[in-house]
Every structure is written in C-alpha cells, then in structure tokens.
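What follows is one structure encoded as structure tokens, with my remarks underneath.
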Amino acid sequence: MAEELVLTRHQGKPGLTTIEGYRKVGGYAALRRAIEMGAEAVIAEVKASGLRGRGGAAFPTGTKWGFLPQGVFPRYLAVNADESEPGCFKDRVLIEEYPHQLLEGVLIAAYALQASHAFIYIRGEYRLQREILEAATREVYAAGMAGRKILGTDWDCELIVHGGAGAYICGEETALLDSLEGRRGQPRLKPPFPAIKGLYGQPTVVNNVETLSNLPYIVTEGGAAYAALGTEGSPGTRLFCVSGHVERPGTFEVPMGRTSFRDLLGLAGGVWRGRQFKAMQPGGGSMQVLGPQHLDVPLDFKAVADAGSALGAGALVVMDETTCLVDVATRLVDFYRHESCGKCVPCREGTYFESELMHRLEEGRASREELATLADICAGMDGRCFCPLGDTATWFVMSAYRMFTQEFEDHCGAGHCPVRSRVGAAA
Amino acid sequence: MSDRDGAVPAADLDPAVVARIRELRTLYPLARSAVLPALWAVQDRIGYLPAWSEEVVGRELGLLPADVAAVASFYSMYFGRPVGRHVIQVCQNVSCALRGADDLLDHLRGWLGVDGEGESPDGAFSLEGTVECLGACGGGPMMQVDRYSYESLTPERAEAILTEIRETNPEGPVGG
Ligand SMILES: Cc1cc2nc3c(=O)[nH]c(=O)nc-3n(C[C@H](O)[C@H](O)[C@H](O)COP(=O)(O)O)c2cc1C
C-alpha cells in the first residue's frame with residue numbers, strides 16, 4: 000500500500016531506538032515546535048486531528064484533555080503501557096521499534112497539559128520493552144528534555160517508567176492509578192473521572208501508548224492532515240495486530256475507514272494453509288465475534304459497531320475452519336476468571352460459574368438446559384459489574400453462542416468436543 | 000544468597016537493594032508509589048519475596064508490613080515461595096492456542112519432568128501453571144523465560160533455547 004503512514008513512517012531507518020537515530024529523521028523537532036506553539040495551540044491541533052484513544056474506549060483525546068479543571072496543579076500524565084488485552088501487541092512494537100517517538104509524544108502531551116510528572120505504567124511481563132524505555136528515558140534526560148527547565152523553558156517534568164507486576168485489570172485507567180499509588184489494582188468509582196481527580200487526587204490524563212505516539216506527526220503536519228488520512232468518523236491511521244490462523248501474523252498500519260477486514264487479512268497473507276475462513280475477533284479478547292459475512296466491513300468505528308462488535312484495542316484474531324468456537328470462548332472466559340480483581344460480586348462469581356460451565360460444555364458434559372443457564376449468568380453480569388472487565392467477559396461467549404448456536408448445542412451431552420474429533424478424523 | 004530453601008535471612012539482604020529502595024522513594028510525589036518497584040528490587044535479587052521483605056519495604060516506605068503484604072499478594076508476578084532458577088511461562092491464550100500452544104506446553108512438561116506446573120527435578124526451571132496473554136500474539140506459540148520472550152516456537156526450538164539458558168546461566172538470573 001502506498002498510503003501515507005504515521006506511526007511506522009520511519010520504518011527501516013537505522014538507529015531509531017537511540018536519540019541520535021531518531022533525531023536524524025527529524026525527531027524531537029515536534030516537541031520544540033509544540034513549545035513554540037504554546038499549550039493551547041497544541042490542544043487545538045489534537046482536537047482538530049479527531050484522534051480517538053487507542054486503548055480500547057476510543058474516547059476523543061482532545062476532548063479528554065479539555066476536561067482538566069483550569070488552574071488546578073499539580074497535574075499528572077499516566078501513559079498506559081499495560082497492554083494485556085488478548086490479541087494485542089502493537090504498543091509493544093511501538094516501544095521496541097520507536098521508543099523515542101513515544102517519548103516525544105509523551106512530552107508533547109505533558110507540555111500541553113502542563114503536567115509535572117509523566118508516568119509510563121508498563122506491564123511486568125514487558126521486561127525487554129521496559130529496559131528499552133528506561134534507556135531512552137536516560138537519553139532524554141541527558142538531552143535536557145526531561146527534568147528541570149526543559150529546553151530552556153520554565154516547565155519542569157519528570158519522566159518515570161513504572162513496572163506493573165502481572166494484572167490485566169491494571170490496564171483499566173482507575174485501577175492503573177491505584178496501582179501507581181502502590182495499592183492493589185482495583186478500579187475506582189467514576190465519577191469523579193481521572194481528569195478531575197486522578198493520581199493522588201489531582202487532575203490526571205491517562206492515555207494509551209499508540210494514542211501518544213501519534214502526537215509528533217499531529218504537531219508537525221497539523222491536525223487536519225492527520226484527520227484526512229482516515230475518514231470523517233474514523234480519522235487517522237491505526238496499527239492493527241493480526242494473529243491466529245494467518246500466513247504472516249504481525250502489525251500493520253492502515254488508514255482507518257478506508258480499509259476493510261479483508262484488506263487486513265490480505266496484508267497478513269490470508270488464512271493459513273489454504274484453509275477456509277471461519278470467524279474473527281476484532282478488538283481483542285473482549286469483543287464480539289464476527290463471521291465471513293463481515294469481511295468487507297471497513298475498519299470504521301461505526302461500521303464495526305453496526306456489525307455487532309468493536310475495534311477495541313486494534314487486534315484481529317483470525318480463526319480457520321478447524322477452530323472450535325466453544326474452545327476459544329472457554330479460553331477467553333478462563334482469562335477473565337483469572338484476571339477478575341475480586342472487587343465486585345457479579346464479576347468475581349460470574350466469571351467463576353461461566354468458566355466452570357464452559358469447561359463442561361467443551362468436554363461435552365453439559366446438558367442443553369445449561370446453555371440457558373450460561374445465558375442467565377451472562378445476563379446477570381453484562382451491565383451489572385463495577386467496571387467493563389466483567390461486562391466484556393460475556394461478550395465473546397454470548398456472540399459466539401448466537402452466531403454458532405449449532406456448534407454449542409452439538410457439544411451438549413456429546414462426551415467430547417465434536418469439532419476437535421471431526422477435525423482430528425479428517426486430518 | 001544462593002539459599003533457595005526459603006531461609007534467606009533478612010540480614011543477608013544486599014545493602015544495595017535497600018539503597019535502591021531509598022532512591023525509588025524519592026522518585027515519586029508519594030513514597031507509597033514505590034511499593035511495586037521496591038518489591039521488584041527485592042525479588043530481582045533474591046528470586047522471591049521472603050516474609051521479611053514486607054517488613055523491609057514497609058520500614059523504608061513508612062507502611063505496615065500487612066499493608067505491603069496486601070499489595071504484594073494481588074499481583075501474580077511476585078512469588079511468595081522460592082522458585083526454580085529460571086521461570087518459564089507458556090502463553091495459553093487464544094492467538095497462541097490457535098497455533099499450537101497446548102502441544103508446546105505438553106511437550107515441555109514431559110521434557111522438564113514437571114507434572115502440570117512447578118519445579119523441574121534438577122531445580123533449574125519452574126514452569127508456571129496458568130499463563131495469560133503475554134503480548135506476543137504475532138509470534139505464537141511463545142514462551143517467556145525470566146520475563147524475556149521467545150517466539151514462533153517448535154518443541155525443538157524451545158528445548159534448544161532452554162538448554163542454552165540452563166548451561167550459560169546455571170545460577171539463574173538472580174543475584175547478578
Ligand atoms: C479491563 C480493562 C483493561 C484495559 N486495558 C488497557 C490496556 O492494557 N491499555 C490501554 O491503553 N487501555 C486499557 N484499557 C482502557 C483504559 O481504561 C483507558 O480507556 C485508556 O487507557 C485511555 O487511553 P486512550 O484514551 O488513549 O485510549 C482497559 C480498560 C478496561 C476496562
């Protein structure tokens with residue numbers, strides 16, 4: 000594709016993980032430019048770009064920044080590098096390959112918000128990625144772009160890389176803040192939203208790694224240029240993660256709205272081993288399943304919502320004809336059971352019952368009546384949990400049940416997984 | 000600091016670790032924020048968190064040991080007991096499972112001599128039981144060893160990687 004790119008536009012250039020290499024491609028000019036423009040003008044450009052958060056909820060970034068109460072200081076920026084959504088590995092790629100692009104984005108945001116500290120909360124399992132960020136941060140300090148009187152201005156900002164320790168829920172923004180305060184990572188009641196009362200009770204913006212990595216481009220080229228890369232409802236580009244049954248899994252940056260699931264599948268080399276496409280999960284482990292009839296849906300927020308799913312955190316997991324959807328749903332339900340933080344009952348107990356039932360179903364030991372129980376359990380969770388973790392623990396399994404009802408029913412009383420035995424017999 | 004049987008005395012804690020915790024404390028607007036990094040500092044040195052680590056971290060950060068324990072127990076990557084010299088995690092989430100993670104895990108269990116989860120008989124490795132998505136879905140099946148990722152694995156490649164790790168770093172990553 001000869002499309003203009005944003006996040007990966009420097010791909011293949013040497014030494015990008017060092018400050019020197021990044022400067023050779025014009026790096027950190029956008030930070031200087033942002034400081035010349037002034038905070039208000041930077042926020043206006045971000046609003047004009049139409050950029051929407053890439054962490055999953057797709058909230059307009061400029062609008063979020065605008066919620067900070069006037070004149071209340073100190074303020075904080077928390078960078079969400081917790082990336083634990085099943086199927087997502089784009090933030091990791093952005094950190095490994097373009098750490099300084101991220102740090103420049105972080106500094107631009109911190110300047111626009113006049114934050115005194117920017118914390119990068121990175122999941123504990125990203126050890127190499129954390130080392131890369133720590134090395135890049137040291138370079139930024141040495142170059143006078145973090146700490147006291149940044150680039151000769153009166154603005155002070157500390158840049159701190161903070162490692163998590165294994166908890167998916169710490170990706171949820173308020174749980175992240177509790178974890179950053181040295182507590183168990185459990186979500187807070189909203190409102191107040193972090194922009195009003197966040198870290199240490201002060202105004203705080205939480206933004207995703209990919210969201211912030213777009214800022215150097217937006218400041219350099221202007222918000223309108225960024226918006227024009229995508230479509231009106233889905234401005235800009237996005238780094239999608241394609242995994243599962245494809246020939247070449249990986250990350251692919253494409254313009255939003257003007258690219259379809261089929262295009263993305265094509266970039267990943269199509270379904271592997273010459274097999275037939277069966278289903279896909281966009282957005283990461285939390286989102287609803289889509290089928291072959293949805294392959295031509297464009298990667299546009301509204302179009303995907305109309306199809307019954309969401310772009311979430313930008314993943315696409317592809318499943319070929321040999322896949323058992325009950326097995327896939329069981330693994331995802333297990334994930335939520337393991338990661339439920341235990342704060343609220345519908346999630347803590349619901350994921351337990353869901354998981355026990357799904358295991359019996361996958362092994363062919365559940366009765367048909369239990370499928371109704373499954374629907375009941377999910378109805379008791381969706382919309383009734385303290386945070387979206389518990390709600391989303393029901394979305395894939397219920398959407399798969401609706402789309403592949405026969406497959407679910409065939410498992411009942413079968414004494415084994417009918418899909419696996421069929422596939423096994425054909426092999 | 001090579002005692003792996005749970006009897007590392009607090010007095011043996013490397014003073015450098017305490018110094019590191021004091022430094023971490025100054026990085027944050029509130030000392031309490033240094034709890035997770037402080038626990039990491041201890042575990043990276045000793046391999047797990049002995050019961051006294053709650054007292055040490057609590058003393059340095061002005062928290063009750065029980066408060067530190069409550070935090071530590073929430074996070075799955077802190078070990079409350081000694082573990083093998085190298086910790087292995089095989090991702091079993093969807094993207095890896097679609098590309099053969101179950102077979103890889105079964106194979107490694109046999110090769111390591113581990114029933115389900117736990118330490119290999121020679122103490123070189125600990126295989127973790129429940130492992131969630133490790134953010135390497137493009138390279139499934141994959142494993143992490145001591146929190147570094149190894150991707151696009153076949154059973155043979157995984158064996159070769161583990162053999163090399165065992166031979167080049169027999170003491171484990173800890174204490175170095
Ligand atoms: C259970 C749960 C897990 C989440 N995990 C992440 C994550 O790993 N990374 C992330 O950026 N956002 C995650 N989010 C979304 C955050 O709460 C928040 O919306 C996001 O960090 C805001 O940044 P953005 O506006 O730039 O997208 C998660 C949300 C929930 C409910």
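Residue numbers (numbering that gives the first Met the number 0), protein chains in the order written: chain S, 0 to 426; chain F, 0 to 175. Even glycine gets a Cβ: it sits at the ideal position worked out from N, Cα and C. For clarity, every value in this text was computed on a predicted model and none was experimentally measured.
Item: For the beta strand (DSSP E) containing A117 of chain S, list its first residue and its last residue.; Value: 116-121
Item: Kindly provide the ranges of any alpha helix (DSSP H) runs that are 4 or more residues long and lie completely inside the segment 22-61 of chain S, ordered along the chain.; Value: 28-36, 38-48
Item: In or out: Q91 of chain F buried (at least 16 other Cβ within 10 Å) or exposed?; Value: buried
Item: If you drop the 5 nearest sequence neighbours on each side, which residues of the same chain put their C-beta closer than 6 Å to that of F124 of chain F?; Value: G83, H85, I87, L111
Item: Considering only heavy atoms of ligand 1, does any lie closer than 7 Å to the CB of I195 of chain S?; Value: no
Item: How is F251 of chain S classed by DSSP in three states: helix, strand or coil?; Value: strand
Item: Checking contacts by CB at 8 Å: is G165 of chain S closer than that to chain F?; Value: yes
Item: On a CA-only basis, which of S:S339, S:L370, S:G222 is nearest A29 of chain S? Give me that one, please.; Value: S:G222
Item: Would you mind working out which of S:R330, S:G52, S:V332, S:R137 sits nearest K63 of chain S, comparing C-alpha positions?; Value: S:G52
Item: Under 8 Å, CB to CB, which of the residues in the segment 74-88 of chain S have a partner in chain F?; Value: E82, S83, E84, P85, G86, C87, F88
Item: Note down, in chain order, all residues in the segment 72-84 of chain F with a beta-carbon under 7 Å from any beta-carbon belonging to chain S.; Value: F73, Y74, S75, M76, Y77
Item: Under 8 Å Cβ-Cβ, which residues of chain F neighbour S178 of chain S?; Value: L35
Item: For L6 of chain S and chain F, any beta-carbon pair shorter than 8 Å?; Value: no
Item: For the beta strand (DSSP E) holding L315 of chain S, just list the boundary residues, first then last.; Value: 314-319
Item: Can you list, in chain order, the residues of the segment 228-254 of chain S whose Cβ is nearer than 8 Å to any Cβ on chain F?; Value: C240, V241, S242, G243, H244, P248, G249, T250
Item: By DSSP, does S259 of chain S sit in helix, in strand, or in coil?; Value: strand
Item: Only counting the same chain, and skipping five residues up and downstream in sequence, which positions put a Cβ closer than 7 Å to that of I34 of chain S?; Value: Y110, L150, T152
Item: Can I168 of chain S and E338 of chain S be called in contact, C-beta distance under 8 Å?; Value: yes
Item: Excluding the 5 residues preceding and the 5 following G57 of chain F in the sequence, name in chain order all residues of the same chain whose CB lies nearer than 8 Å to its CB.; Value: L63, P64, D66, V67
Item: Once you ignore the five residues that flank S212 of chain S on each side, which residues in its own chain have a CB closer than 7 Å to its CB?; Value: L6, L93, Y97, Q100, L101, G104
Item: Does T322 of chain S come within less than 8 Å of chain F when only Cβ atoms are used?; Value: yes
Item: How would you list, in chain order, the residues of chain F whose beta-carbon sits under 9 Å from the beta-carbon of M318 of chain S?; Value: V93, L97
Item: Between G52 of chain S and ligand 1, is there a pair consisting of the residue's CB and a ligand heavy atom that are separated by less than 7 Å?; Value: yes
Item: List the whole-angstrom C-beta distance separating V317 of chain S from G243 of chain S, where the pair is believed to meet the contact cut-off of C-beta under 8 Å.; Value: 4 Å
Item: Helix, strand or coil: how does DSSP classify Y167 of chain S here?; Value: helix
Item: From G181 of chain S to L104 of chain F, what does the alpha carbon distance come to, in whole angstroms?; Value: 34 Å
Item: Report the three-state DSSP secondary structure of M279 of chain S (helix, strand or coil).; Value: strand
Item: Rounding to the nearest angstrom, what Cα-Cα distance links T129 of chain F and E39 of chain S in this structure?; Value: 48 Å
Item: For G137 of chain F, verify whether its CB is less than 7 Å away from any heavy atom of ligand 1.; Value: no
Item: Identify the contact partners of F72 of chain S in chain A, using a Cβ-Cβ distance below 8 Å as the criterion.; Value: Here the protein chains are S and F, and chain A is not one of them.
Item: Taking Cβ positions only, does F385 of chain S come closer than 8 Å to chain F?; Value: no
Item: Tell me whether the beta-carbon of V205 of chain S lies closer than 8 Å to the beta-carbon of E157 of chain S.; Value: no
Item: Short of 6 Å in beta carbon distance, which residues of its chain neighbour A278 of chain S, apart from the five on each side in sequence? Order them along the chain.; Value: V288, G290, M318
Item: So the beta strand (DSSP E) S242 of chain S belongs to, where does it begin and stop?; Value: 236-243
Item: Let me check you understand the geometry: is the CB of I42 of chain S closer than 7 Å to at least one non-hydrogen atom of ligand 1?; Value: no
Item: Contact between the segment 321-330 of chain S and the segment 392-406 of chain S is defined here as three or more beta-carbon pairs at a separation below 8 Å; is this criterion met?; Value: yes
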